[in-house]
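What follows is one structure encoded as structure tokens, with my remarks underneath.
Number of protein chains: 2
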Amino acid sequence: MKHVMNSQLSFLNCANTCMLLASSPVFRRHHLLIRSLGVGVEGAIHHHHHHTYSSTNMQDLNSVEVDAESVIRAITPAFDLSKHKGQSGNIAVIGGCREYTGAPYFAAISALKIGADLSHVFCTKDAAPVIKSYSPELIVHPILEESYSVREEDKKIISSKVLAEVDKWIERFDCLVIGPGLGRDPFLLDCVSEIMRHARQSNIPIVIDGDGLFLVTNNLDLVSGYALAVLTPNFNEYKRLVQKVLSSEVNDQDATQQLLSLAKQIGGVTILKKGKSDLISDGETVKSVSIYGSPRRCGGQGDILSGSVAVFLSWARQLTADPNSNLSSKNPTVLGCIAGSAILRKAASLAFSNKKRSTVTGDIIECLGKSVEDVCPAA
Amino acid sequence: MKHVMNSQLSFLNCANTCMLLASSPVFRRHHLLIRSLGVGVEGAIHHHHHHTYSSTNMQDLNSVEVDAESVIRAITPAFDLSKHKGQSGNIAVIGGCREYTGAPYFAAISALKIGADLSHVFCTKDAAPVIKSYSPELIVHPILEESYSVREEDKKIISSKVLAEVDKWIERFDCLVIGPGLGRDPFLLDCVSEIMRHARQSNIPIVIDGDGLFLVTNNLDLVSGYALAVLTPNFNEYKRLVQKVLSSEVNDQDATQQLLSLAKQIGGVTILKKGKSDLISDGETVKSVSIYGSPRRCGGQGDILSGSVAVFLSWARQLTADPNSNLSSKNPTVLGCIAGSAILRKAASLAFSNKKRSTVTGDIIECLGKSVEDVCPAA
Numbered sequence: 034m035k036h037v038m039n040s041q042l043s044f045l046n047c048a049n050t051c052m053l054l055a056s057s058p059v060f061r062r063h064h065l066l067i068r069s070l071g072v073g074v075e076g077a078i079h080h081h082h083h084h085t086y087s088s089t090n091m092q093d094l095n096s097v098e099v100d101a102e103s104v105i106r107a108i109t110p111a112f113d114l115s116k117h118k119g120q121s122g123n124i125a126v127i128g129g130c131r132e133y134t135g136a137p138y139f140a141a142i143s144a145l146k147i148g149a150d151l152s153h154v155f156c157t158k159d160a161a162p163v164i165k166s167y168s169p170e171l172i173v174h175p176i177l178e179e180s181y182s183v184r185e186e187d188k189k190i191i192s193s194k195v196l197a198e199v200d201k202w203i204e205r206f207d208c209l210v211i212g213p214g215l216g217r218d219p220f221l222l223d224c225v226s227e228i229m230r231h232a233r234q235s236n237i238p239i240v241i242d243g244d245g246l247f248l249v250t251n252n253l254d255l256v257s258g259y260a261l262a263v264l265t266p267n268f269n270e271y272k273r274l275v276q277k278v279l280s281s282e283v284n285d286q287d288a289t290q291q292l293l294s295l296a297k298q299i300g301g302v303t304i305l306k307k308g309k310s311d312l313i314s315d316g317e318t319v320k321s322v323s324i325y326g327s328p329r330r331c332g333g334q335g336d337i338l339s340g341s342v343a344v345f346l347s348w349a350r351q352l353t354a355d356p357n358s359n360l361s362s363k364n365p366t367v368l369g370c371i372a373g374s375a376i377l378r379k380a381a382s383l384a385f386s387n388k389k390r391s392t393v394t395g396d397i398i399e400c401l402g403k404s405v406e407d408v409c410p411a412a
Numbered sequence: 034m035k036h037v038m039n040s041q042l043s044f045l046n047c048a049n050t051c052m053l054l055a056s057s058p059v060f061r062r063h064h065l066l067i068r069s070l071g072v073g074v075e076g077a078i079h080h081h082h083h084h085t086y087s088s089t090n091m092q093d094l095n096s097v098e099v100d101a102e103s104v105i106r107a108i109t110p111a112f113d114l115s116k117h118k119g120q121s122g123n124i125a126v127i128g129g130c131r132e133y134t135g136a137p138y139f140a141a142i143s144a145l146k147i148g149a150d151l152s153h154v155f156c157t158k159d160a161a162p163v164i165k166s167y168s169p170e171l172i173v174h175p176i177l178e179e180s181y182s183v184r185e186e187d188k189k190i191i192s193s194k195v196l197a198e199v200d201k202w203i204e205r206f207d208c209l210v211i212g213p214g215l216g217r218d219p220f221l222l223d224c225v226s227e228i229m230r231h232a233r234q235s236n237i238p239i240v241i242d243g244d245g246l247f248l249v250t251n252n253l254d255l256v257s258g259y260a261l262a263v264l265t266p267n268f269n270e271y272k273r274l275v276q277k278v279l280s281s282e283v284n285d286q287d288a289t290q291q292l293l294s295l296a297k298q299i300g301g302v303t304i305l306k307k308g309k310s311d312l313i314s315d316g317e318t319v320k321s322v323s324i325y326g327s328p329r330r331c332g333g334q335g336d337i338l339s340g341s342v343a344v345f346l347s348w349a350r351q352l353t354a355d356p357n358s359n360l361s362s363k364n365p366t367v368l369g370c371i372a373g374s375a376i377l378r379k380a381a382s383l384a385f386s387n388k389k390r391s392t393v394t395g396d397i398i399e400c401l402g403k404s405v406e407d408v409c410p411a412a
């Protein structure tokens with residue numbers, strides 16, 4: 034197994050010797066990394082091999098608990114006054130229908146609070162005014178349609194109109210989040226399937242959650258073999274995925290191996306299995322993030338995660354795309370999942386320590402900024 | 034009369050001897066109970082028998098003032114990291130029409146602030162965008178219809194569509210709150226009657242307030258004999274209920290006996306009679322909650338109460354359903370009413386001490402978290 038940390042270290046050594054760069058923002062970032070990692074780096078990687086646990090509640094630990102904070106520091110871009118709007122992330126959430134408006138809002142606003150420059154929502158006409166009313170910070174496109182508002186004979190033309198609207202924008206996005214509050218209307222899901230195909234043709238990463246997972250579980254070809262796809266199933270969504278893909282039941286005793294098989298079977302997509310510990314696999318390795326979060330299980334936390342993973346994934350991809358970067362051998366989707374998981378957990382923990390049992394998702398979103406800042410100070 | 038406290042004590046003694054469990058969350062909860070009850074337990078139960086009061090403003094006290102805080106501690110679930118979203122409560126409010134949107138919002142958001150994981154609202158199409166815009170935390174279903182938007186000949190088909198929408202969800206709910214901001218449109222109330230019948234068939238508890246009480250008072254068969262129904266009448270709603278069921282006027286001199294008769298007459302539903310002291314009866318016993326609240330009578334406090342009772346009732350039902358629990362002989366609807374009444378009073382008192390005459394319902398909702406935390410710390 035490769036460890037993210039190994040590449041971090043060579044990365045650091047390199048930075049350390051390039052003293053001519055001492056005043057550049059890149060150097061300052063690396064310098065921060067050196068200070069924060071200190072001498073305890075090796076100790077920060079915990080190997081757990083073939084432990085046996087009697088309790089079925091415990092996740093097996095054949096995975097490697099990563100030093101998620103180091104990952105966050107490595108992929109979060111340094112500020113640079115010469116950058117333009119959009120260069121630190123332009124995210125789009127595809128979701129929001131007559132029934133659901135909170136979920137796409139949570140995902141989209143979380144992307145901004147993590148540090149993206151622009152955050153869009155593509156939703157139905159009914160959902161748009163409501164989502165807009167939650168926040169003037171979001172760009173909300175009322176373009177999706179549900180069956181109830183479309184006559185059978187108009188479906189083809191409306192479907193192509195929806196696609197044309199999305200196509201106007203799609204090349205500008207660094208990542209799409211597909212699913213929060215999408216609903217399960219068949220016509221709408223057909224349009225979203227097309228959007229996913231277009232995103233894939235344009236090599237745009239996609240994070241799939243909620244009803245997007247319902248769609249993908251029943252149409253695996255939409256993501257199969259697409260290395261820039263991330264699935265973020267919760268307990269029940271994971272169960273359906275395992276049943277469909279592996280034709281078996283969830284195995285808690287050997288969760289790591291099962292997740293690895295599942296990701297491999299879907300052609301190397303990255304899966305973030307949410308749970309007491311989050312497990313992340315791209316079919317090659319399995320990482321785990323177990324930072325203490327919150328025991329509160331209020332709805333909407335998954336939406337924060339999908340928006341956060343989208344931003345970190347975009348940032349990681351900028352670095353891994355650079356052949357000179359020491360992260361170039363790393364999978365940006367895995368790095369994005371590690372960072373997103375850890376930041377949500379930290380924010381949830383901060384919110385819970387303040388609001389306790391009454392913590393709601395909005396309280397956690399308010400803590401995203403501090404949880405990023407604590408790990409990776411802006412200046 | 035049985036006292037909730039008695040079962041609490043045996044419950045505590047048991048926990049106290051099971052030292053092997055000392056590190057479990059359940060033990061920690063029990064341990065907290067022991068500490069909080071201390072030696073003053075017996076003193077916490079006040080018996081008042083056959084006092085006579087000259088003032089008609091004073092409630093008679095043939096009821097037993099309960100130690101509501103101990104009830105709250107006994108029924109509030111301990112946190113457990115292995116739990117999934119929904120396991121600590123999934124509540125639905127049926128209410129919200131063209132005229133009223135605040136009431137269902139207050140009830141639904143209160144459920145989340147008490148500690149439920151998910152809170153839904155089923156309302157009319159006009160009310161939905163407004164209720165959604167109050168908070169992205171709620172899941173708002175725009176499915177109810179009022180007469181003005183339905184042609185006579187379409188009523189049957191629309192009614193069955195409404196029912197089908199609710200039926201998709203109903204089994205997942207731990208409790209329904211029926212009535213906040215429901216309005217009195219006859220067609221809408223017919224649909225809601227059907228929803229109540231379905232809830233009853235599925236053994237889902239229902240808390241009935243506001244216009245739901247108007248409906249039920251005129252159609253007693255909807256709740257009669259259903260032990261999982263809770264009615265939460267205010268002064269006027271109680272008056273109409275007494276007139277209809279007992280064919281008499283409200284008797285302040287013997288409020289306890291009259292409430293007992295009323296609950297018995299409706300076949301053992303639980304009634305929470307709101308007043309200076311809240312009186313609670315299931316036709317077997319009468320409990321009273323007189324914790325100091327607030328003298329402010331701003332509209333909407335009843336909605337907080339209904340949402341809070343729904344959550345506590347759901348939690349109490351999980352415990353009372355367990356034959357090994359020391360609460361197994363208790364009525365979960367009574368426990369839920371006691372806890373909801375006490376928490377609203379505490380939150381109202383906190384809000385009033387800060388906002389005084391300008392206190393509004395939203396201020397009280399903001400204090401729900403602290404009022405639960407003060408009684409039953411989350412960790």
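Line by line, the protein sequences give chains A and B.
Per the working numbering, the first sequence runs over residues 34 to 412.
Per the working numbering, the second sequence runs over residues 34 to 412.
Beta carbons: idealized from backbone N, C-alpha and C, even for Gly.
Since we're looking at a predicted model, the values are computed, not measured.
query = Do you know how far the Cα of residue 200 of chain A is from the Cα of residue 394 of chain A?
reply = The straight-line gap separating the alpha-carbon atoms of residue 394 of chain A and residue 200 of chain A is approximately 32 Å.
ask   = So, helix, strand or coil for residue 352 of chain B, using DSSP?
value = In the displayed model, residue 352 of chain B falls within a helix according to three-state DSSP.
inquiry  = One question on the structure: do residue 242 of chain A and residue 123 of chain A come within less than 8 Å of each other, judged by their Cβ atoms?
reply    = Not closer than 8 Å, so no.
Cut-off 6 Å between Cβ atoms - residues of its own chain near residue 392 of chain B, not counting five sequence neighbours on either side = Spatial neighbours of residue 392 of chain B in its own chain (CB-CB distance under 6 Å, excluding positions within 5 residues in sequence) are listed in chain order as 329, 384 and 385.
message = Run through chain A and tell me which residues come within less than 7 Å of residue 411 of chain B, C-beta to C-beta.
response = The answer, in chain order, is 389 and 390.
key: 8 Å Cβ cut-off: residues of chain A touching residue 137 of chain B   = The premise fails here: residue 137 of chain B is roughly 15 Å from chain A at the closest Cβ pair, so nothing lies under 8 Å.
task = Please decide whether residue 208 of chain A counts as near chain B, where near means a Cβ-Cβ distance under 8 Å.
result = For residue 208 of chain A, the answer is no, since every Cβ of chain B falls outside 8 Å of its Cβ.
Those runs of the beta strand (DSSP E) which lie wholly inside the segment 250-307 of chain A and span at least 3 residues = For the segment 250-307 of chain A, whole beta strand (DSSP E) runs of length 3 or above, ordered along the chain, are 262-264 and 303-306.
task = Counting only the same chain and skipping the five closest in sequence on each side, list residues whose C-beta sits under 7 Å from that of residue 306 of chain B.
result = The answer, listed in chain order, is 266, 271, 292 and 312.
message = Please tell me whether residue 190 of chain B has its Cβ less than 8 Å away from any Cβ of chain A.
response = Chain A contact via Cβ: absent.
message = Suppose contacts are defined by Cβ-Cβ distances below 8 Å. Is residue 173 of chain B in contact with residue 321 of chain B by that definition?
response = The answer is no: Cβ separation not under 8 Å.
message = Considering only the alpha carbon of each residue, which of B:229, B:260 and B:349 lies closest to residue 252 of chain B?
response = Nearest C-alpha to residue 252 of chain B: B:229.
task = Identify each residue in the segment 116-143 of chain B for which the Cβ-Cβ distance to at least one residue of chain A is less than 8 Å, and report them in chain order.
result = Considering only beta carbons, the part of the segment 116-143 of chain B lying closer than 8 Å to chain A consists of 116, 117, 118, 119, 120 and 121, in chain order.
key: Boundaries of the alpha helix (DSSP H) in which residue 387 of chain A is found, first to last residue   = Taken as a continuous stretch (DSSP letters only), the alpha helix (DSSP H) holding residue 387 of chain A covers 365-388.
query = Hey, which unbroken runs of the alpha helix (DSSP H) at 4 residues or more fall wholly within the segment 119-164 of chain A?
reply = Taken in chain order, the complete alpha helix (DSSP H) segments of 4 or more residues contained in the segment 119-164 of chain A are 135-147.
key: Per-residue contacts from residue 167 of chain A into chain B (C-beta, under 8 Å)   = Those are 166 and 169, listed as they occur along chain B.
query = With a Cβ-Cβ cutoff of 8 Å, do residue 212 of chain B and residue 255 of chain B count as a contact?
reply = For the pair residue 212 of chain B and residue 255 of chain B, the CB atoms are not nearer than the 8 Å cut-off.
key: For residue 219 of chain B, the first and last residue of its enclosing alpha helix (DSSP H)   = Segment 219-234, the alpha helix (DSSP H) holding residue 219 of chain B.
Start and end residues, alpha helix (DSSP H) containing residue 113 of chain B = That residue, residue 113 of chain B, is in no alpha helix (DSSP H); it is neither H nor E in DSSP.
key: Straight-line gap, residue 390 of chain B to residue 374 of chain B (C-alpha atoms, nearest Å)   = Computed Cα separation, rounded: 21 Å.
query = For residue 175 of chain A, which option in A:153, A:112 and A:403 has the closest C-alpha, if you only look at C-alpha atoms?
reply = Nearest Cα to residue 175 of chain A within the set A:153, A:112 and A:403: A:153.
request  = Report back the beta-carbon spacing between residue 104 of chain B and residue 372 of chain B to the nearest angstrom; my notes put them in contact at under 8 Å.
outcome  = Contact between residue 104 of chain B and residue 372 of chain B holds, with the beta-carbon distance rounding to 5 Å and staying under 8 Å.
inquiry  = Would residue 169 of chain B and residue 157 of chain A be called neighbours here (beta carbons separated by less than 8 Å)?
reply    = Contact: no.
key: Listed by chain order, chain B residues near residue 330 of chain A by CB distance under 8 Å   = Under the 8 Å cutoff, chain B gives 116, 117, 118, 119, 120, 121 and 150.
query = Taking 8 Å as the CB-CB limit, is residue 394 of chain A close to chain B?
reply = Closer than 8 Å: yes.
request  = Evaluate residue 114 of chain A with the Cβ neighbour count: other Cβ atoms within 10 Å of its Cβ, from every protein chain shown; 16 or more gives buried, anything less gives exposed.
outcome  = Residue burial is scored here from C-beta neighbours: residue 114 of chain A has fewer than 16 other C-beta atoms within 10 angstroms and is therefore classed as exposed.
ask   = In terms of alpha-carbon separation, which member of A:273, A:352, A:112 and A:288 lies closest to residue 150 of chain A?
value = Nearest Cα to residue 150 of chain A within the set A:273, A:352, A:112 and A:288: A:112.
task = Starting from the Cα of residue 402 of chain B, find the closest Cα among A:396, A:404 and A:405 and give me that residue.
result = Distance from the Cα of residue 402 of chain B is smallest, within the candidate group A:396, A:404 and A:405, for A:396.
ask   = Got a sec, what are the start and stop residues for the beta strand (DSSP E) residue 321 of chain B sits in?
value = Membership of residue 321 of chain B in the beta strand (DSSP E) is indicated by the continuous run 319-322.
message = Taking only three categories from DSSP, how would you classify residue 97 of chain A?
response = Per DSSP, reduced to three states, the secondary structure at residue 97 of chain A is strand.
key: Status (buried if at least 16 other CB within 10 Å, exposed otherwise) for residue 53 of chain A   = Only weak support is given to the placement of residue 53 of chain A: the predicted model assigns it a pLDDT of 35, under 50, and the question is left unresolved by the model.
task = Return the first residue and the last residue of the alpha helix (DSSP H) that residue 177 of chain A is part of.
result = Counting along the chain, residue 177 of chain A falls outside any alpha helix (DSSP H), though it belongs to the beta strand (DSSP E) covering 172-177.
request  = Pick out whichever of A:388, A:407, A:354 and A:276 has its Cα sitting closest to the Cα of residue 379 of chain A.
outcome  = When each option's Cα is compared against that of residue 379 of chain A, the closest is A:407.
query = Taking Cβ-Cβ distances below 8 Å as the criterion, which residues of the segment 170-182 of chain B are in contact with chain A?
reply = Per Cβ criterion, the list reads 170, 171, 172, 173, 174 and 175.
message = Can you pull out the residues from the segment 310-338 of chain B whose beta carbon lies closer than 9 Å to at least one beta carbon of chain A?
response = Result list empty, no residue passes.
query = Hey, does residue 162 of chain A have any beta-carbon neighbour from chain B nearer than 8 Å?
reply = Closer than 8 Å to some Cβ of chain B, the Cβ of residue 162 of chain A qualifies, so yes.
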